[in-house]
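K.L.:
If you count the sequence shown from 1, position 29 lands on 77 in my numbering, and the numbers rise without skipping. Below: one structure in structure tokens.
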Amino acid sequence: MADAPSLPLTMPADWRDFLALTKPRVMSLAIFTALCGMLVAPGEIIHPVLGFTAILAIALGAGASGALNQWYEVDVDRAMKRTAGRPLPSGRMDKVSALHFGVGLGVFSVLLLGFATNWTAAAMLAVSILFYLLVYTIWLKPRTPQNIVIGGAAGAFPPVIGWAAATGDVSTAVPLLSMPWMMFLLIFLWTPPHFWALSLFVRTDYANAGIPMLPVVAGESATRRQIFLYTLPMVACAVAIWLIGYAGLVYGVIATSLSLLFLLLATHVGFRSTETDDGMKPERRLFWFSILYLFILFAALVADRWIGLV
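Structure (structure tokens):
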């Protein structure tokens, strides 16, 4: 009788495993967009000590989301080649430790932000953590190919939280057309083409794990079309921030130029033959450019704001 496959033995975790649990690369985008949201907020620039504390709290909140995501998805991560080396599926950490770490980090981050700045920002941070865990990770991701579309809201909160930390308020007469919510909308619309480009060249991983990502459920052609279609409103949103008057010419030139390049790359992905055997270079190119695109756009918003103050 053949031996049943056994799960990896849990080995003592060190600080690098706890750091990996926070998904540092994902956290870096949340930190940067939150900082930009804080720096473009109207009024006086937030005190450096309070600003640093707020960014630290938002970083810890993002790390808590990553830890709780990995705690819940340990079996999924074990089935995927690109995530099998993470602390939990590799056996370097047990689930209880990951859960305690994630919950503790999340609670501490919310309290820290609330006491350092205001409870509006703290409440939004709490909502973003719970949204990522309950709505995206537990509900949407294993059930629908639209997981990234709706779940993208979790990653769109940081600039709004940064804005709220600096001002104590995110409300306007028309919330969806206010600057913090335009930043939210930009990330929200950016998320599907960004992640679907990734999912095209790691499709086998998602299929093996039973995750209904769009390429697995609808196929590559449909995914490519959706990438192109979602790029259109994203580009419109990026340029609209300038046209509405929330940013000046510096941002406008950068946003228009980069958005046209993004659209060109998305068009190449959206309308090319699925039979082309080139290692999915266009998809990989779009994925990596999409990261650079968002970083530069938010940096341009800050530069535009500071040039206006000079």
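Beta carbons: idealized from backbone N, C-alpha and C, even for Gly.
Would the segment 205-213 count as touching the segment 122-142 if we require 3 or more Cβ pairs under 8 Å?
P.N.:
With the cut-off at 8 Å, the segment 205-213 and the segment 122-142 do not touch.
K.L.:
What are the complete alpha helix (DSSP H) segments, minimum 4 residues, inside the segment 161-220?
P.N.:
Taking only runs of at least 4 residues, the alpha helix (DSSP H) segments lying wholly in the segment 161-220 are 167-178, 195-204, 206-215.
K.L.:
Which residue from 267, 232, 302, 250 puts its Cα closest to that of residue 78?
P.N.:
The option with the nearest alpha carbon to residue 78 is 232.
K.L.:
If I measure Cβ to Cβ from residue 135 and keep anything under 7 Å in the same chain, skipping five residues before and after, which residues do I get?
P.N.:
Excluding residues within five positions, the ones whose Cβ falls inside 7 Å are 61, 65, 68, 69, 141.
K.L.:
If you count every other CB in all the chains shown that lies within 10 Å of the CB of residue 123, and 16 or more means buried, which is it?
P.N.:
Residue 123 should be labelled exposed.
K.L.:
Just mark residue 274 as buried or exposed, buried being the case when its beta carbon has 16 or more other beta carbons within 10 Å.
P.N.:
Per the 10 Å Cβ criterion, buried.
K.L.:
Could you tell me which of 331, 248, 349 sits nearest to residue 297, measuring between CA atoms?
P.N.:
Comparing Cα-Cα distances from residue 297 to each of 331, 248, 349, the minimum goes to 349.
K.L.:
What's the gap between the Cα of residue 289 and the Cα of residue 217?
P.N.:
If you take the alpha carbons of residue 289 and residue 217, they lie about 19 Å apart.
K.L.:
Write down every uninterrupted run of the beta strand (DSSP E) in the segment 271-352 whose length is 3 residues or greater and which is fully enclosed by it, in chain order.
P.N.:
The segment 271-352 contains no whole beta strand (DSSP E) run of 3 or more residues.
K.L.:
Report yes if the C-beta distance between residue 236 and residue 201 is below 8 Å; otherwise report no.
P.N.:
Yes, Cβ-Cβ distance for residue 236 and residue 201 is below 8 Å.
K.L.:
Rounded to a whole number of angstroms, what is the C-alpha to C-alpha distance between residue 98 and residue 268?
P.N.:
Roughly 47 Å between the two C-alpha positions.
K.L.:
What is the DSSP secondary structure of residue 109, reduced to helix, strand or coil?
P.N.:
Residue state, collapsed to three classes: helix.
K.L.:
Can the beta-carbon of residue 345 be found closer than 8 Å to that of residue 314?
P.N.:
Against a cut-off of 8 Å, the Cβ pair of residue 314 and residue 345 comes out as no contact.
K.L.:
Note down, in chain order, each residue of its chain lying with its Cβ closer than 7 Å to the Cβ of residue 250, except the 5 sequence neighbours on either side.
P.N.:
Around residue 250: 130.
K.L.:
Kindly indicate which three-state DSSP category residue 373 falls into: helix, strand or coil?
P.N.:
Outside the displayed range of the chain (49 to 358) lies residue 373, so it cannot be described from this structure.
K.L.:
Quick one: is residue 197 buried, meaning 16 or more other Cβ sit within 10 Å of its Cβ, or exposed?
P.N.:
So residue 197 ends up on the buried side.
K.L.:
Label residue 353 either buried or exposed according to how many other C-beta atoms from any shown protein chain fall within 10 Å of its C-beta, with 16 as the threshold for buried.
P.N.:
Answer is buried; the Cβ neighbour count reaches 16.
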